[in-house]
DNA sequence: TATGAATGAGAATTCATTCAT
DNA sequence: AATGAATGAATTCTCATTCAT
């Protein structure tokens, strides 16, 4: 609009980019050392600035964790919602959800690790209420999906539903603990094999 | 129950019992709040004494974690060793290991949670070197077991070995995160169903 | 009651005494340097302990100010209430109130100084809501008293009531700024002369 | 108002004007929140600019306080000096001084508040030595004036001189705490009533 | 055995100030 | 003139640990 538009945009964009950079660094450190055990100084060191300087960009250590987690969860649910609205069968839906989950791990590994390790403790604070919401939504999604899968004859009916839910849930996310981008297997490869294990089991069967 | 047989024995036993009590409390708190986020005061509060009083029983916060973890690991490896020395086939060995693992979770849930969440960070300290040892031993045990299973024709050969290892490893231990003694399913029930899932998968097959 | 009673009481009393000691020190420092400009270290130094040690006794710097001010205000209002319930005439009530005020300054000088200098800023915080309450109660008390005095023919009717209120109010309390216990004049002497000034003025009159 | 007559003059004048604007804002904030509790950012926010920008105009936070206070004191003493050199009687001099004081409060209320609340603390710094000078000069002026008033038979001799001094001094200046320009009473109205109170007292006398 | 008062190192956070743009 | 990103010292507060009782 005005001749300053480029400049203003550039400035706003630069600021957002810096924030994102710093958040990525912070997420890395939180994930590898643990949120509580990570000092602001460690994050700042990793970012190459001084501790106090972080407070120009963020209100607090907590708000960094907040932004890291909410960004990741927003993106994850957007992906899940696309899958859920696609009208697939239970089994295909499950496959797609697992694939999206591994892509999420691929793109947000540190955030996923933080979510795994710290969300239980963080959820105590009011500002992290959305973690509980997400958790509940996650549980309903999977419970409904597994129920539907049993009804459609895709999933076994002889196993405890709660157990399956936890099995599937944990099985996917703990991979964030060891996954590294650029490793031998791509996220989609891993998703495929995880699905094979979860669906077909690891034993030799005639069907295999 | 019985009156103290001799003063010295009674005193020594009483002391050991008090230690165990306090350790159980500490483990509970470490597990639920996270080791780094748990203050000595929280532990003391949970035990109904004052912070300083814990130092009559223990050298440091670290030594509590140490004792909690090493006690658990000792017992776990003792159980594993009994299984491994029984000369079973790969598949039966795996089943027995998983069963023992769930029994371990049953008896040492807080310790398992701590092990899961904190061992990576704690292992940095020299006194926790045994955590790395245990980890390595765990990895070789499973890798060898899975390898043997494939060789014996019990386990599928078409999946990435590393992936299966991680899958099985995580799958068992994360259960400590939600397991509660005295729940609807016993530890052995859960072990059985977990094995069914891991071995046979959750999809419907003709074999099922 | 129990044989330990003396001990327990002694301990509880000792603790209360230590708190009071530290609060007196803190009040001194807050009063002389200003609350915001006083660091916890300065208070601790004045008390001969380390900064962190203060937190064994108090939750925060704010809670020290809180306790200092509320203790003082409680005592002041207790004294005022005794006067107000004595059923005196307006003029005698005023004299008694002023006398009690100077006694309050005598016993709680630092608290009064803090009240004077900082209550406006502190009152913003929720925990200091009672400062506003006290302020309002103070204003109603004086306004009613002056009104009654005018009705009884004791006080002049030709002056702005709001102005008199502020005049009397400030006149009494600012004395905390320079008063020192054990000076040439006792609190009661000062009260007497202040009353003479406020009631009769400083100019020479035939009546004087 | 008029177009800038010359560039240099216009620029210099504009700069001076901006400084004055910013100082007025700063004084407002210092007065209402307290000097120590006021951050540079609060001042900048109130001025609609960023914190760092203030340093284009001023060397430091301290220099702002310095300029605010010295400007006010210079003007006050100029007014006082005019009165003192007019050769009036003690009583008339006092009346004129009080009137000038309220006019000062009217024009420099924030500065007066800052002077009241902070000069004791600020005076510690070398650059604020003039605060002490002013204070001493103030005390001699009043002491001499009251002494003269007693000698001239205008003021009562039965009251402690030090007390009267403090009474008059405080009585005038604390008004800055509640005075607002444009209120019901003008500065001169207030001065008149204050004088009536101080000189004649608030009780009903036959002379009144 | 446990208490209670303290220590002291280090945590998160604040803020006056600087400086390149 | 003003911005925005940083600096670095200081501040409040925390907490593992000690120790006399």
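Protein chains in written order, with the working numbering: chain H, 1 to 208; chain C, 1 to 208; chain G, 1 to 208; chain F, 1 to 208.
We treat Cβ as the ideally placed atom computed from N, Cα and C, and that holds for glycine.
Just so we're clear, the structure is a prediction, and the values are computed from it rather than from any experiment.
Coarse secondary structure for residue 155 of chain G, derived from DSSP in three states: On the third chain, position 155 is the one that residue 155 of chain G refers to. In this structure, residue 155 of chain G counts as strand in the three-state DSSP scheme.
For residue 196 of chain C, which residues in chain H fall below 9 Å Cβ to Cβ? The count along the second chain starts at 1 and reaches residue 196 of chain C at position 196. By Cβ distance, chain H contributes 156, 158, 159, 201.
Checking the sheet assignment: what are the DSSP bridge partners for residue 203 of chain C? Stepping through the second chain from its first residue, residue 203 of chain C is reached at position 203. DSSP lists H:155 as partners of residue 203 of chain C.
May I ask you to list, following chain order, the residues of the region 36-49 of chain C that have a beta carbon less than 8 Å from some beta carbon of chain H? Here the close residues are 36, 37.
Under 9 Å, do residue 69 of chain H and residue 185 of chain C count as touching if we go by C-beta distance? As a working note, residue 69 of chain H is residue 69 in the first chain. As a working note, residue 185 of chain C is residue 185 in the second chain. No.
Relative to chain F, which residues along the region 84-97 of chain G have a C-beta separation below 8 Å, given in chain order? Hits within the stretch, in order: 91.
Status (buried if at least 16 other CB within 10 Å, exposed otherwise) for residue 203 of chain C: As a working mapping, residue 203 of chain C is identified with position 203 in the second chain. The residue is buried, with at least 16 neighbouring Cβ atoms inside 10 Å.
Near residue 41 of chain C, which residues of its chain fall below 6 Å by C-beta distance, leaving aside the five closest residues on each side in sequence? Start at 1 with the first residue of the second chain, and residue 41 of chain C comes out as number 41. So the list reads 51, once near-sequence residues are dropped.
Please list the terminal residues of the continuous alpha helix (DSSP H) segment that includes residue 116 of chain F. Numbered from 1 along the fourth chain, position 116 holds the residue referred to as residue 116 of chain F. Its alpha helix (DSSP H) spans residues 90-122.
Residues within the region 159-174 of chain C neighbouring chain H, beta-carbon criterion of under 7 Å: For the region 159-174 of chain C, which is checked against every Cβ of chain H, the residues closer than 7 Å are 159, 160, 163, 164, 166, 167, 170, 171, 174.
Could you check if residue 180 of chain C is buried or exposed, using at least 16 other CB atoms within 10 Å of its CB as the buried criterion? For this step, residue 180 of chain C is matched to residue 180 along the second chain. Looking at its Cβ environment, which holds fewer than 16 other Cβ atoms inside 10 Å, residue 180 of chain C is exposed.
Contained beta strand (DSSP E) runs [length at least 3] in the region 122-186 of chain H, N- to C-terminal order: You should have found no qualifying run.
Coil, strand or helix - residue 16 of chain C by DSSP: Translated into positions along the second chain, residue 16 of chain C becomes position 16. Reduced to three states, the DSSP call for residue 16 of chain C is helix.
From F:22, F:101, F:108, residue whose alpha carbon lies closest to that of residue 138 of chain F: Here residue 138 of chain F is taken as the residue at index 138 of the fourth chain, counted from 1. When each option's Cα is compared against that of residue 138 of chain F, the closest is F:101.
Validate contact between the region 89-103 of chain G and the region 189-200 of chain G using beta carbons, cut 8 Å, 3 pairs: yes
Find out if the Cβ-Cβ distance for the pair residue 91 of chain C, residue 154 of chain C is shorter than 9 Å. For the purposes of this step, residue 91 of chain C is identified with residue 91 of the second chain, where counting begins at 1. For the purposes of this step, residue 154 of chain C is identified with residue 154 of the second chain, where counting begins at 1. Result yes, Cβ atoms of residue 91 of chain C and residue 154 of chain C sit closer than 9 Å.
Hey, is residue 71 of chain H's beta-carbon within less than 9 Å of any beta-carbon in chain C? What you label residue 71 of chain H is simply residue 71 of the first chain in a count that begins at 1. The beta carbon of residue 71 of chain H does not come within 9 Å of any beta carbon belonging to chain C, so the residue lies off that interface.
Sufficient close CB pairs (3 or more, under 8 Å) joining the region 46-62 of chain G to the region 76-89 of chain G: no
Can you list, in chain order, the residues of the region 112-137 of chain F whose Cβ is nearer than 7 Å to any Cβ on chain G? 117, 121
From residue 130 of chain C to residue 178 of chain C, what distance separates their C-alpha atoms? By one-based count along the second chain, residue 130 of chain C stands at place 130. By one-based count along the second chain, residue 178 of chain C stands at place 178. If I take the Cα positions, the gap works out to 26 Å.
Contact defined as beta carbons within less than 8 Å: I believe residue 168 of chain G pairs with residue 198 of chain G. What is the distance between those atoms, to the nearest angstrom? As a working note, residue 168 of chain G is residue 168 in the third chain. As a working note, residue 198 of chain G is residue 198 in the third chain. Between residue 198 of chain G and residue 168 of chain G the Cβ distance is about 6 Å, and since that is below 8 Å, they are a contact.
Return the CA-CA distance between residue 107 of chain C and residue 142 of chain H, expressed in angstroms with no decimal places. The residue given as residue 107 of chain C occupies position 107 in the second chain. The residue given as residue 142 of chain H occupies position 142 in the first chain. Roughly 29 Å between the two C-alpha positions.
Would you mind giving the Cβ-Cβ distance between residue 27 of chain F and residue 114 of chain F, rounded to the nearest angstrom? I have them listed as a contact below 8 Å. What you label residue 27 of chain F is simply residue 27 of the fourth chain in a count that begins at 1. What you label residue 114 of chain F is simply residue 114 of the fourth chain in a count that begins at 1. Contact flag correct, Cβ pair sits at about 7 Å.
Could you tell me the alpha carbon to alpha carbon distance between residue 196 of chain H and residue 161 of chain C, rounded to whole angstroms? Along the first chain, one-based indexing puts residue 196 of chain H at 196. Along the second chain, one-based indexing puts residue 161 of chain C at 161. Separation of residue 196 of chain H and residue 161 of chain C (C-alpha to C-alpha, rounded to the nearest whole angstrom) is 13 Å.
Cutoff 6 Å; reference residue 64 of chain G; Cβ partners in own chain excluding five residues on either side: Position 64 of the third chain, counting from 1, holds the residue named residue 64 of chain G. Apart from sequence neighbours up to five positions away, the residues of its chain that approach residue 64 of chain G with a beta-carbon distance below 6 Å are 26, 58, ordered along the chain.
Just to confirm my understanding: we take residue 29 of chain C, look at its own chain, exclude 5 residues before and 5 after, and list those with CB closer than 8 Å. What are they? By one-based count along the second chain, residue 29 of chain C stands at place 29. Excluding sequence neighbours, residue 29 of chain C sits near 38, 42, 43, 46.
Quick check: residue 33 of chain H and residue 135 of chain C, are their CB atoms within less than 9 Å of each other? Residue mapping note: residue 33 of chain H aligns to position 33 of the first chain, counting from 1. Residue mapping note: residue 135 of chain C aligns to position 135 of the second chain, counting from 1. Cβ atoms of residue 33 of chain H and residue 135 of chain C: not closer than 9 Å.
Chain-ordered neighbours of residue 142 of chain G on chain F, where CB pairs are closer than 7 Å: The residue labelled residue 142 of chain G in the question sits at position 142 within the third chain. Those do not exist, as residue 142 of chain G stays about 12 Å from chain F at its closest Cβ, beyond 7 Å.
Starting from the beta carbon of residue 178 of chain F, find every residue of chain G whose beta carbon is closer than 7 Å, and list them in chain order. As a position in the fourth chain, residue 178 of chain F is number 178, starting the count at 1. By Cβ distance, chain G contributes 166.
For residue 52 of chain F, the three-state DSSP class (helix, strand or coil): Taking the fourth chain and counting its residues from 1, the one referred to as residue 52 of chain F is at position 52. Residue 52 of chain F falls in the helix class under three-state DSSP.
8 Å CB neighbourhood of residue 77 of chain C in its chain, flanking five on each side removed: Locating residue 77 of chain C in the second chain gives position 77, counting from the first residue. Closer than 8 Å at Cβ, skipping near neighbours: 134, 137.
Use the C-beta contact count for residue 66 of chain F: other C-beta atoms within 10 angstroms, 16 or more gives buried, fewer gives exposed. Numbered from 1 along the fourth chain, position 66 holds the residue referred to as residue 66 of chain F. Flag for residue 66 of chain F reads buried.
For residue 109 of chain G, which of G:182, G:123, G:150, G:62 has the nearest alpha-carbon? Within the third chain, numbered from 1, the residue matching residue 109 of chain G stands at position 109. The shortest C-alpha separation from residue 109 of chain G is found at G:182.
Check the Cβ-Cβ distances between residue 181 of chain H and every residue of chain C, and say whether any is below 9 Å. Residue mapping note: residue 181 of chain H aligns to position 181 of the first chain, counting from 1. So no, residue 181 of chain H is outside the interface.
Nearest residue (CA-CA) to residue 123 of chain C, options C:71, C:117, C:132: Position 123 of the second chain, counting from 1, holds the residue named residue 123 of chain C. When only C-alpha atoms are compared, the closest one is C:132.
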